[in-house]
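Accompanying notes for the structure given below.
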Ligand SMILES: Cc1cc2nc3c(=O)[nH]c(=O)nc-3n(C[C@H](O)[C@H](O)[C@H](O)COP(=O)(O)OP(=O)(O)OC[C@H]3O[C@@H](n4cnc5c(N)ncnc54)[C@H](O)[C@@H]3O)c2cc1C
C-alpha cells in the first residue's frame, strides 16, 4: 500500500484514529487462534458510519482489503489480517444505546463487551443469556459475526436466538438495516439471520438490537466426578433423554480438570477421569425436582461423588473455573490449538472416545472439554508451533477428529466459525451446492471481494491470508 493511499485513509478517520507503526501492526497481526499471523497495512478506529462507508468505497476504488475486528478473541482466525488489508477495529463503539424495559430489548453498538451488557441488564432484573467463555473480553459484534455460543446454550440457545435487528455497512458503502424491535417480522427474506454468523465477510456491523428475557428465579449448580470417562458421557445422553433441559451441562476431562485445578485451586478431584458441571434453573419446586432426577441419573451412571453448590458464590466459582478451561490449558505448552467439533448429542460418548483415539494415534497431549449438553466438544492440542513435525501431527489429528465428527452426523464447528482454520473442511459439511450458494451470495454482495477475503472459503480475486 503506497503512502498516498495511506494518507487518503488517514484523512477519512483522522490522524488520532489511524495507526501503522511496526509495533501496532505486530499487535494486530493475530487473534486468539494459534499459528495464523499476518501484519495489516494499517489499523483504523472509525468514529461513525460515514467514515466506515468512505473507507469501504475507497477500498473498492483502490483495491485494498478490509478486515473487521472486535476484541480479537476469535478461535478460527476470522479477525487475522489478510494481505494488503486495513483493520477496522470496532472496540471503541462500546455504548449501550438503550435498554428498553417495555419491549425487553437492548440496542447496542458492536464494541460492547458481552459480560458488561449482561451485568447492566441484570441490574434491571433482565437476562442476556449467551455467555461465551470469553465474555469478559469479547464484543457483541464479534458474537454476532460468529454466532457465538456459551455455557448456557443448551437451554437458552446461542447469539442468533437473541438478535432482533442489525445495522451494517455493506461492501458498497450503503447502510443496511434489518429487523427492529418486533418479536415477529417475516417481511421479505430473513436478512437479519443471514448476517448472524457471516464472519465479517459481508460488511461491518454497526448496531445491534438484542432480545432480553427475565432473569431465572432459582438455580441449582451441581458437580459430578467420574472415575471412568465414558460414564460421564453416558450420563449426559441419559439426562438429555430424560426430558430435562439443564441450563448448563459442561464436561472436563482428566487433563483439563487438572490444568483448571492448577490454575484456580478450587479443589477439583485430580484423580477423576472426568467431571460434569450441571445447572438447572427456573421457578419454584421444579428446579429442586429436576436437580434430584439429575443426581439420580449421575449416581446410576457411577458418578463417584456428586455435590450441590452450597451458595451462589460457590456456584459462581465453579462456573468461573469452567470458563477458565482454555486459559488453564494454555499455561501448559506454548501453543494451544482448540477446536470445536460438534456432534448430535446422542453421539457424544463416541466422539469423546475418538478424541482420545486421536491423541493416542498421533502421540499428542490433548485436553478435552466443552458444552456436553450441546454435543459441542473443544478437543485441545497442547503443543509448540516451533516443533514443525508435531504441528504436522496435530493437523492430522484434527483432520481425523473432524472426519469422525462428520461421519457421526456432526459438524466442524459449533460456535467458533469457519474462518481460516476450518475452511478446507467446509465443503464436506455444506456440500458442493451449499458451498457454491455461499460463494454466489458473497460475489453478489462483495463483487470485488474486499471484505475479509479468504475467510470461510477462497474466492476470486484470490487473496493470500497468512504466512
Ligand atoms: C478463552 C476463550 C474462550 C472462548 N469461549 C467461547 C465460547 O464459549 N463460545 C464461543 O462461541 N466462542 C468462544 N470463544 C471465541 C470468541 O471469543 C468468540 O468467537 C467471540 O464471538 C469473538 O468476539 P470478538 O469480539 O473477539 O471478535 P473478533 O475475534 O475480533 O472477530 C471475530 C469475527 O467477527 C468479525 N467481526 C468482529 N466485529 C465485527 C463487526 N463489528 N462487524 C462485522 N464483523 C465483525 C471478525 O471479522 C471475525 O471474523 C472463546 C475465545 C477465548 C479466547
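In the working numbering, the protein residues as written are -13 to 453. Cβ atoms here follow ideal geometry from the backbone N, Cα and C, with glycine treated the same way.
Cβ of residue 323 within 7 Å of any heavy atom in ligand 1?
Position 337 of the chain shown holds residue 323. Result no, Cβ not under 7 Å from ligand 1.
Below 8 Å on the Cβ atoms is my contact criterion, and I expect residue 205 with residue 123 to pass it. Report the Cβ-Cβ distance as a whole number of Å.
Here the question's residue 205 lines up with position 219 in the chain shown. Here the question's residue 123 lines up with position 137 in the chain shown. The Cβ separation is near 24 Å, so there is no contact.
Any heavy atom of ligand 1 within a distance shorter than 7 Å of the CB on residue 17?
In the chain shown, residue 17 corresponds to position 31, counting from 1. For ligand 1, at least one heavy atom lies less than 7 Å from the Cβ of residue 17.
In three-state DSSP terms, what is residue 55?
As a position in the chain shown, residue 55 is number 69, starting the count at 1. When secondary structure is reduced to three states using DSSP, residue 55 falls in the strand class.
Measure the alpha-carbon distance for residue 186 versus residue 291 and round it to whole angstroms.
In the chain shown, residue 186 corresponds to position 200, counting from 1. In the chain shown, residue 291 corresponds to position 305, counting from 1. Using only the alpha carbons, I get a separation of about 45 Å.
At a cut-off of 7 Å, would you count residue 337 as near ligand 1, judging by its Cβ distance to the nearest heavy atom?
Residue mapping note: residue 337 aligns to position 351 of the chain shown, counting from 1. Residue 337: no, Cβ never under 7 Å from ligand 1.
Check for me: the beta strand (DSSP E) holding residue 151 runs from which residue to which?
Position 165 of the chain shown, counting from 1, holds the residue named residue 151. Unbroken beta strand (DSSP E) run through residue 151: 149 to 155.
Distance between beta carbons of residue 60 and residue 19, contact taken as under 8 Å
Indexing the chain shown from 1 puts residue 19 at position 33. Indexing the chain shown from 1 puts residue 60 at position 74. Right, their Cβ atoms sit about 6 Å apart.
For residue 311, which three-state DSSP category applies?
Counted from its first residue, the chain shown places residue 311 at position 325. In this structure, residue 311 counts as helix in the three-state DSSP scheme.
I'd like the span of the alpha helix (DSSP H) that includes residue 21, first residue to last.
As a first step, residue 21 is located in the chain shown; it is residue number 35 there, counting from the start. Here residue 21 belongs to no alpha helix (DSSP H), and DSSP marks it neither H nor E.
CA nearest to the CA of residue 196, picked from 376, 63, 145:
Reading the chain shown from its first residue, position 210 is the one you call residue 196. When each option's Cα is compared against that of residue 196, the closest is 145.
Where residue 469 sits in the DSSP three-state scheme:
No statement about residue 469 is possible, as the shown extent of the chain runs from -13 to 453 and does not include it.
Tell me which same chain residues have a C-beta within less than 7 Å of the C-beta of residue 219, skipping the five on either side of it?
The residue given as residue 219 occupies position 233 in the chain shown. The beta carbon of residue 219 is closer than 7 Å to those of 334, 335, 338 in its chain, skipping five residues each way along the sequence.
Leaving out five residues before and five after residue 245 in sequence, what residues of the same chain have Cβ atoms less than 8 Å from its Cβ?
As a first step, residue 245 is located in the chain shown; it is residue number 259 there, counting from the start. Closer than 8 Å at Cβ, skipping near neighbours: 311, 314, 315, 317, 318, 353.
On a CA-only basis, which of 416, 132, 410, 407 is nearest residue 454? Give me that one, please.
Nothing can be reported for residue 454: it is not among the residues displayed for the chain, which extend from -13 to 453.
Starting from the C-beta of residue 133, find all residues in its chain whose C-beta is less than 8 Å away, skip the five residues before and the five after it, and write them out in chain order.
As a working mapping, residue 133 is identified with position 147 in the chain shown. Hits under 8 Å: 144, 145, 146, 182, 183, 401, 403.
Looking at the strands, I want to know which residues DSSP matches up with residue 113.
The residue given as residue 113 occupies position 127 in the chain shown. Partner residues in the beta bridge of residue 113, as assigned by DSSP, are 199.
Exposed unless 16 or more other CB atoms sit within 10 angstroms - verdict on residue 49:
On the chain shown, residue 49 is found 63 positions in, with the first residue counted as 1. Counting the other CB atoms within 10 Å of its CB gives residue 49 a total below 16, which places it among the exposed residues.
To the nearest angstrom, how far is the alpha carbon of residue 81 from that of residue 383?
Locating residue 81 in the chain shown gives position 95, where the first residue counts as 1. Locating residue 383 in the chain shown gives position 397, where the first residue counts as 1. Rounded to whole angstroms, residue 81 and residue 383 show a C-alpha spacing of 42 Å.
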